[in-house]
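Below is one structure, written out as structure tokens; the observations come after it.
Protein chains in written order, with the numbering used here: chain A, 1 to 328; chain B, 1 to 328.
Take a look at the structure:
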């Protein structure tokens, strides 16, 4: 009998916290902490891991900008490539650190009991519709802040870019955040799961690609929300549970007010009702909005439950002892 | 009956040619040309692809250097991470471009004849011995050129770095180039091959890791020769043929002299004899030395043949009509 399949979406904090710059020491320390928490759920679950890449892709875009001038004159690469680079970077760190912990303390592999479970990272393209309305309305800020003069010069050089003013902090490029429709490498992920591996896939929301008339896929300059991509991944691998790990212990009504009330278990219909009433308060202005949207969608798509909690509480949350559980 | 298994090692020219800077347009054009050549061998072979990353990792190191100063102040990450980033970047491009060609014109998948063969990239660690003598004698130049003052300042900041003077062009960091002993993700590559995929693995010679006493693996600042890593990969997947694709049509005796003589077929013993006699001439000062070393090692490790030729001639070379074939 196969263990239940769990897709874990790791927030940015799992790799680079708050005001950290993202040095290698910081990333190794943070990922080690997160990996220790994931270790607690490995004995009872088959696991797929996806992750954000905001700080890492931000660093790459700044470094490319810095390196594009004299005396370096290195080419600036588009966002799909930058995303692919972060999948290599973060995937390697997770695969190395979690793989080492599994080697020392993990359960045996299902198909090969002489060995421990191994971790593998798949470079993952995620399909979005070329008719997605997000392409008409770019909203996701990326890359460096610019002065007004720099912004105008970039608009001249790249008329296809949308540059907006960001409330007093300068000018910034925004890109579309379209909806994921398919994990392009889902067959590969499923084969590796069948073979007993833990798979890291869809990092940073995946490398965004659109499908052409002839079904070929082509990278686009966009950022897919990592929780929505994680939901798609959870559906495409037929996971029972989708766990969104972030920097809060659970979801709150009236978040950040004296009336704040933590939610333990809630149905999809109740989440929808509270969303309609605005009862989640200011948490929706942060990242909770996409998380709840991803959660509702997973249940609608046939998933059994969504957990929203911190990495530290993930194992307890899976046993119903912590975090927020969203059910059909 | 399974088709024979072929490991292809792509040289840097397959992605970024000679004096190109490595813009996305250049990389897409070059990889498309290479992928069209690989398409010719797909009908008769199962394929694993590995590739160099010299220009790409060079760009990342320069961009990190540029971005490390005011006003960017982004962290410089170590070489294992930079290598992992190039595996994501180049793996994505190969997987996207070759995948699209296969979708349009490729043969059906062996296990699922309704579908075309798919391509997948595995983030790959490659184990080297921590006792490898290369760690005592770093020889591989990496990253930017420095002035004498910069070199001294870096030596102070990073006493663990080896900085050498590079014949009139300034100062440069050199890192060890240890021998690959194991493709750490070989089981993952083999499972994906069994499932009928084309696999991209071990890019840039792999992410170099050493094995600790407790068998955990740990990234090191080093560069593994991509042809030697490709040889290890070819052995670890049990390939019949190892094809090293580069910028020459074949191997020459007395290379670049009036007496130059192209080699069609040669045994391992003859290669060894010519090497001992110095008969390959100046080609050994370029990249032909490691290629011949990798070729000899593959035959010694039980491989059936090595092909050394250009991507354009790969299909003909596999039929014995072009290139150099090295046999037991």
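In this text, a Cβ means the ideal position worked out from N, Cα and C, and glycines have one as well. Note that the coordinates shown come from a computational prediction; the quantities given were computed from them, not determined experimentally.
For the options A:138, A:255, A:228, the alpha carbon positioned closest to that of residue 204 (chain A) is the one of A:228.
Non-local beta-carbon contacts of residue 324 (chain A) in its own chain, meaning distances under 6 angstroms to residues more than five positions away in sequence, involve 250, 251, 263, 308 in chain order. For residue 60 (chain B), no pairing in a beta bridge is given by DSSP. A:127 is the residue among A:215, A:303, A:127 whose C-alpha sits nearest the C-alpha of residue 186 (chain A). For residue 193 (chain A), the enclosing alpha helix (DSSP H) has its first and last residue at 186-194. For residue 243 (chain A), the secondary structure class from DSSP, reduced to helix, strand or coil, is strand.
The three-state reading of DSSP puts residue 140 (chain B) in strand, counting E and B together. Chain A places no beta carbon closer than 8 angstroms to that of residue 232 (chain B), leaving this residue out of the contacts. Residue 32 (chain B) sits in a helix when the DSSP states are folded into three classes. Along the segment 76-108 of chain A, the positions whose C-beta sits under 9 angstroms from a C-beta of chain B are 76, 77, 78, 80, 81, 82, 83, 84, 85, 86, 87, 88, 89, 90, 91, 92, 93, 95, 96, 99, 100, 101, 103, 104, read in chain order. For residue 231 (chain B), the three-state secondary structure derived from DSSP is helix. Counted as a single uninterrupted DSSP element, the beta strand (DSSP E) harbouring residue 267 (chain A) occupies residues 265-267. Under the DSSP assignment, residue 6 (chain A) falls in the beta strand (DSSP E) whose first and last residues are 5-10. Among the CB atoms of chain B, none fall inside 8 angstroms of the CB of residue 127 (chain A). Note that the segment 60-78 of chain B touches the segment 62-76 of chain A; at least 3 beta-carbon pairs, one per stretch, sit closer than 8 angstroms. Using a C-beta cut-off of 8 angstroms, the segment 227-246 of chain B makes contact with the segment 200-215 of chain B, since at least three inter-stretch Cβ pairs fall below that distance.
Secondary-structure assignment with DSSP links residue 219 (chain B) through a beta bridge to B:209.
In this structure, the CA atom of residue 51 (chain B) is about 12 angstroms from the CA atom of residue 95 (chain B). Going by C-alpha positions, residue 57 (chain A) is about 14 angstroms away from residue 173 (chain A).
Residue 167 (chain A) counts as exposed, since fewer than 16 other beta carbons sit within 10 angstroms of its beta carbon.
Within chain A, the residues whose beta carbon sits less than 7 angstroms from that of residue 185 (chain B) are 120, listed in sequence order.
The C-beta separation of residue 34 (chain B) from residue 311 (chain B) comes to about 5 angstroms, placing the pair in contact by the 8 angstroms criterion. For residue 24 (chain B), the nearest CB of chain A lies under 8 angstroms from its own CB, placing it at the interface with that chain. Of the other Cβ atoms in all chains shown, 16 or more fall within 10 Å of the Cβ of residue 124 (chain A); this residue is therefore buried. Two segments are said to touch when three or more pairs of C-beta atoms, one from each, lie closer than 8 angstroms; by this definition the segment 98-105 of chain A does not touch the segment 154-166 of chain A. Under the three-state reduction of DSSP, residue 145 (chain A) is assigned to strand. Taking a Cβ-Cβ threshold of 7 angstroms, the residues of chain A close to residue 207 (chain B) are 92, in chain order. Residue 215 (chain B) and residue 238 (chain B) have their C-alpha atoms roughly 24 angstroms apart. Residue environment analysis places residue 256 (chain A) among the exposed positions, since fewer than 16 neighbouring C-beta atoms fall within 10 angstroms of its C-beta. Cβ-Cβ distances below 6 angstroms link residue 295 (chain A) to 306, 326 in the same chain, with the five nearest sequence neighbours on each side left out; the list follows chain order. Residues of the segment 169-183 of chain B whose Cβ lies closer than 9 angstroms to any Cβ of chain A: none. Shortest Cα-Cα distance from residue 111 (chain B) to any of B:1, B:244, B:267 involves B:1.
Under DSSP, residue 172 (chain A) shares a beta bridge with A:145, A:164. In this structure, the straight-line span from the alpha carbon of residue 92 (chain A) to that of residue 84 (chain B) is close to 6 angstroms. Assigned with DSSP and collapsed to three states, residue 27 (chain A) falls in helix. Cβ neighbours of residue 261 (chain A) within its own chain (closer than 7 angstroms, five residues either side excluded): 252, 253, 254.
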